[in-house]
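Engineer: Heads up, the working numbering is the position in the sequence shown plus 77, with the first residue counted as 1.
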Amino acid sequence: MIATATATLKPFILHIASICKKSLHTTTITNSNSNSPLRLPLTSLQCGAILQSLTNTKSFVQGQKLHSYMLTCGNLQNNTYLSSKLAAFYAACGRMTQAQVIFNGVALKNSFLWNFMIRGYASDGYVRNTAMEALTLFYLMGKAGLKADGTTLLALLSACADWGSIKQGKEIHCYANTMSRKTFLQQIGSCKELTSTAVHP
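#1: State yes or no: is the beta carbon of Asn181 nearer than 9 angstroms to at least one beta carbon in chain C?
#2: If contact is defined by three or more beta carbon pairs under 8 angstroms, each pair taking one atom from either stretch, is the stretch 182 to 195 in contact with the stretch 150 to 166?
#3: Taking the straight line between their C-alpha atoms, what separation do you get for Ala236 and Leu117?
#4: Can you say whether Cys124 is buried or exposed, counting buried as having 16 or more other CB atoms within 10 angstroms of its CB?
#5: According to DSSP, simplified to helix, strand and coil, what is Gly140?
#6: Since I believe Gly197 is in contact with Met173 (beta carbons under 8 angstroms), could you give me their beta-carbon distance rounded to a whole number of angstroms?
#7: Compute the distance between the beta-carbons of Leu131 and Asn152, then report whether it is under 9 angstroms.
#8: By alpha-carbon positions, which one of Lys142, Ser121, Cys170 and Gly241 ends up nearest to Asn133?
#9: According to the Cβ coordinates, are Leu148 and Ala165 closer than 9 angstroms?
#10: By Cβ distance, which residues of its chain are closer than 6 angstroms to Tyr167, with the 5 residues on each side in sequence left out?
#11: How about Ala232 and Ala211: do their beta carbons lie closer than 9 angstroms?
#12: Of all the options Leu234, Trp240 and Gln139, which has the alpha carbon lying nearest to the alpha carbon of Cys251?
#13: With a cut-off of 8 angstroms on the beta carbons, I'd call Ser188 and Leu223 a contact; round off their distance for me.
#14: Do Asn254 and Asp226 come within 9 angstroms of each other at the CB atom, strictly closer than that value?
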């Protein structure tokens with residue numbers, strides 16, 4: 078059954094890998110000879126590079142198929158790197174149920190993963206439950222000794238505004254004030270709009 082599933086997914090995976098190679102401008106997902114064709118099974122690094130590209134474009138259907146491929150080939154077993162990438166992918170696509178399941182199974186959670194998860198929940202901040210999840214993860218992240226980045230803080234502030242949570246918004250504001258203005262702006266350089274509250278020195 079595994080061989081059959083792999084054979085079914087092979088054309089799709091190789092096609093997606095070829096597209097991602099162009100979008101990433103890297104040879105990470107190729108073999109040592111960049112001109113040689115990709116061969117299955119893909120390595121963890123190759124799968125991670127493809128996942129990153131699919132995360133950037135929020136290509137949910139393609140990511141699901143890649144997830145199926147990795148499960149079939151056993152790439153995800155005890156693989157913190159790929160599990161983190163996969164949880165971040167689902168979070169970026171707004172599929173927080175799937176993201177949370179994978180997140181819970183990652184023993185060593187890095188700041189990359191925490192930030193993606195918080196932003197995923199905060200993006201639906203107008204829903205009370207998701208806003209609370211975002212804030213809960215933010216506090217747990219702090220207890221784990223890790224720091225939220227500027228983009229995540231902006232998302233949290235937006236969620237607090239949507240939810241009408243003044244108290245939590247002030248707490249996020251105080252946390253943001255512990256960062257220098259330069260650092261904060263550098264971390265959210267891709268964001269076009271900043272609130273004066275979030276960057277007040």
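Even glycine gets a Cβ: it sits at the ideal position worked out from N, Cα and C. Quick caveat, the model's predicted, so the values are computed rather than measured.
Structural biologist: Let me spell this out:
#1: Structure shown: chain C not included; a single protein chain is present.
#2: yes
#3: Position 159 of the sequence shown, counted from the first residue, corresponds to residue 236. Position 40 of the sequence shown, counted from the first residue, corresponds to residue 117. For Ala236 and Leu117, the distance between alpha carbons rounds to 42 angstroms.
#4: Position 47 of the sequence shown holds residue 124. With 16 or more other Cβ atoms within 10 Å, it is buried.
#5: Here residue 140 refers to the residue found at position 63 when the sequence shown is read from its first residue. Correct three-state label for Gly140: helix.
#6: Within the sequence shown, the letter at position 96 stands for residue 173. Within the sequence shown, the letter at position 120 stands for residue 197. Confirmed, Cβ separation roughly 5 angstroms.
#7: As a working note, residue 131 is residue 54 in the sequence shown. As a working note, residue 152 is residue 75 in the sequence shown. Cβ distance not < 9 angstroms, so Leu131 and Asn152 don't count as in contact.
#8: The residue labelled residue 133 in the question sits at position 56 within the sequence shown. The shortest Cα separation from Asn133 among Lys142, Ser121, Cys170 and Gly241 belongs to Cys170.
#9: Within the sequence shown, the letter at position 71 stands for residue 148. Within the sequence shown, the letter at position 88 stands for residue 165. Not a contact, by the Cβ cut-off of 9 angstroms.
#10: Here residue 167 corresponds to residue number 90 of the sequence shown, with the count starting at 1. Excluding positions up to five away in sequence, the list reads Gln175 and Ala176.
#11: As a working mapping, residue 232 is identified with position 155 in the sequence shown. As a working mapping, residue 211 is identified with position 134 in the sequence shown. Yes; because the gap between Cβ atoms is below 9 angstroms, this pair is in contact.
#12: Along the sequence shown, one-based indexing puts residue 251 at 174. Checking every option, the nearest Cα to that of Cys251 belongs to Leu234.
#13: Here the question's residue 188 lines up with position 111 in the sequence shown. Here the question's residue 223 lines up with position 146 in the sequence shown. Yes, Ser188 and Leu223 are in contact; Cβ-Cβ is about 5 angstroms, under 8 angstroms.
#14: Here residue 226 is taken as the residue at index 149 of the sequence shown, counted from 1. Here residue 254 is taken as the residue at index 177 of the sequence shown, counted from 1. In this structure, Asn254 does not lie closer than 9 angstroms to Asp226 by Cβ.
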